[in-house]
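K.L.:
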DNA sequence: CATATTTTGGACTGATCGATACAAAACTGG
DNA sequence: CCAGTTTTGTATCGATCAGTCCAAAATATG
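Residue numbers (the numbering used here), protein chains in the order written: chain A, 1 to 194; chain B, 1001 to 1194.
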C-alpha cells in the first residue's frame, strides 16, 4: 500500500524495554528512547502513540518473555521441589550474568504501586499467571511427595513469588551470589516435605 | 544573628520523604516538593541545596526512623523466633494500615539500582544495619533453641531481610493481608528450630 | 534605633520534557 | 510511471524541569 517501516517493531520494543528496565519510566526520556531504539521521534510516535503506550508494550513484551521462559524452565525438572530449586537458581544465575539488572515488573511495582490503572492491570495479570503456574507446581510436588502437604498450593506460590522478587531486589542493590544462594536454600527447605 | 527560619527542618524533610515515597525520585518535581513541604523554592534551595541533597536527607530520615523502630520492636519479644514473627506481622500491620505504601528503600533500590554512588552508600549502610540486627536476633534464637542452629545467623538475616522486602512489594502491588500472612508464616517456619 | 545577617517570595533562567506539524522520501497498486 | 498512502527527518510546540537571582522582610546584636 505504502512506504514500509524501516525497522522491526519487536526489536524496537525490546530496546525500549531495556531502557525502561535500567532507568525506570520517569527516568527514561523520549530522547533516550529514540537513542535506545535507533528510531526518530516520528517513527516512535507514529507506531507507539505515546511514551506511556510504548511502556505498556515494553511491559507486555517483558511479561510474555518471562512467563514463557519460566513455563519452559519449570517443565525441565522432575519433581515438584526440584522445580522450585531450579526457579531460584535460574533467577540467581540470570542476575549474576546480567550484573544485577533486577526485574522490570518489580521495578514498575516499586515506581507506580497501584497509581496507574493500566499499569496495575498488567502487573496483576502477570502476577496472576505466575501464581497459577507456581501453584500448579506446588500441587504436583505435594502429589509426588517432595513438597509440604500441610500448606495450600496458593500460599506456597505466593511465597515463592515473593522470594523471587526478594532475590531480584537483593541483586539490584548489589548483593553477591553467595547471599542469594543462602536465601534460596532456606526458601527451598521452607516448602519441602518434612 | 539574623532572621530565623519559619519552619521546622525535620518536619519539612518528613513531608518531602512522603512525597518521594509515593512517586519516587524522578517522579517528584521540585514544585511538588514545595507543595508537599509548604515551603517556597528559596527556602528549599537555601536549606537543602538541591533536589538530590534533599532526597539524601529524606532517605537518611527514613532509614533512621526505620532502624530505630525495628530495634525497639525486636526488643519487645522474648525468644528469637518470636522476634522474627513480630517483625513480619508488624510489617504486615503497617502495610495494611497505610494501604500499601511499601518501603522507600525498596523503591529506591528498584529505581536506581547501584547507578548513583551516594544513594548506593545509603542503601548499603541501611542494609548493613538491618542485617546486623537480624543476625543478632538469629544468634539469640539459636541459643534459646527457637531457631534452626544448622544455619548461619547471617544467612537467616539475609532471608528475613529479603522476606520483608518481598512483603513490602506484595503490599505495594495491592496484595491482601491474607496472602502476606501466608508468606510470613512460611518464612517463620523456615527458620524455626526443627 | 541602626546595622549586619539571614530568610523569604516571586520572577526568571536555559534546558529539557512529551508531543505535534509538515513536507520530503519511499514504497505499492493500478 | 503515476496516484495514493505511509514513514521519516527536522523543526518546533507550549509546558515543565531543576535551579538562580534579587529585593523585601524579619530578626539579632550593638
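Positions of the beta carbon are idealized from the N, C-alpha and C atoms, including for glycine.
#1: Kindly say whether residue 169(A), judged by its beta-carbon, lies nearer than 8 Å to any beta-carbon of chain B.
#2: If you draw a straight line from the C-alpha of residue 132(A) to the C-alpha of residue 1035(B), how long is it?
#3: Short of 7 Å Cβ to Cβ, which residues in the segment 5 to 32 of chain A face chain B?
#4: What do you reckon, are the CB atoms on residue 111(A) and residue 1024(B) nearer than 8 Å?
#5: With C-beta atoms as the reference, is residue 137(A) less than 8 Å away from residue 66(A)?
#6: So is residue 1088(B) in contact with chain A if we call contact Cβ pairs under 8 Å?
#7: With 16 as the cutoff for other CB atoms within 10 Å, does residue 107(A) come out buried or exposed?
#8: By the 10 Å Cβ neighbour count, where 16 or more other Cβ atoms means buried, how is residue 1099(B) classified, buried or exposed?
#9: For the segment 85 to 95 of chain A against the segment 142 to 153 of chain A, are there 3 or more C-beta pairs whose distance is under 8 Å?
#10: With distances taken between CB atoms, is the gap from residue 1028(B) to residue 1019(B) smaller than 8 Å?
#11: Mind pulling the alpha helix (DSSP H) runs of 4 or more residues that sit fully within the segment 102 to 137 of chain A?
#12: Would you mind sorting residue 1189(B) into buried or exposed? The rule is 16 or more other CB atoms within 10 Å of its CB.
#13: Smallest Cα separation from residue 129(A): which of 93(A), 158(A), 187(A) and 167(A)?
#14: Would you say residue 1190(B) faces chain A, with C-beta separation under 8 Å as the test?
#15: Tell me, please, whether the CB atom of residue 1060(B) is closer than 8 Å to any CB atom in chain A?
#16: Using alpha carbons as the reference points, say which of 53(A), 163(A) and 102(A) lies closest to residue 187(A).
#17: So, is the C-beta of residue 80(A) closer than 8 Å to a C-beta in chain B?
#18: What whole-angstrom Cβ distance do residue 1007(B) and residue 1043(B) have, given they're in contact under 8 Å?
P.N.:
Answer, in terms of the structure:
#1: Under the Cβ distance rule, residue 169(A) counts among the residues neighbouring chain B, one pair being separated by less than 8 Å.
#2: Between residue 132(A) and residue 1035(B), the C-alpha separation is close to 43 Å.
#3: If the cut-off is 7 Å between Cβ atoms, the segment 5 to 32 of chain A has 24, 26 and 27 near chain B.
#4: Yes, they are a contact pair.
#5: Annotated as distal: residue 137(A) and residue 66(A), with beta-carbon spacing of 8 Å or more.
#6: When Cβ-Cβ separations below 8 Å define contact, residue 1088(B) makes no contact with chain A.
#7: Per the 10 Å Cβ criterion, buried.
#8: Burial state of residue 1099(B) is exposed, judged by a 10 Å Cβ sphere holding fewer than 16 other Cβ atoms.
#9: Between the segment 85 to 95 of chain A and the segment 142 to 153 of chain A there are fewer than three inter-stretch CB-CB distances shorter than 8 Å, so the stretches are not counted as touching.
#10: Closer than 8 Å, so yes.
#11: As for any alpha helix (DSSP H) of minimum length 4 sitting wholly inside the segment 102 to 137 of chain A, the runs are 104 to 112, ordered along the chain.
#12: Around the CB of residue 1189(B), 16 or more other CB atoms lie within 10 Å, so the residue is classed as buried.
#13: The candidate whose alpha carbon is nearest that of residue 129(A) is 158(A).
#14: It does: the Cβ of residue 1190(B) has a partner Cβ on chain A nearer than 8 Å.
#15: It does not; no Cβ of chain A falls within 8 Å.
#16: In this structure, 163(A) is the residue among 53(A), 163(A) and 102(A) with its C-alpha nearest to the C-alpha of residue 187(A).
#17: With 8 Å as the cut-off, residue 80(A) does not count as an interface residue toward chain B.
#18: Indeed, because the Cβ distance is near 7 Å, the residues count as touching under 8 Å.
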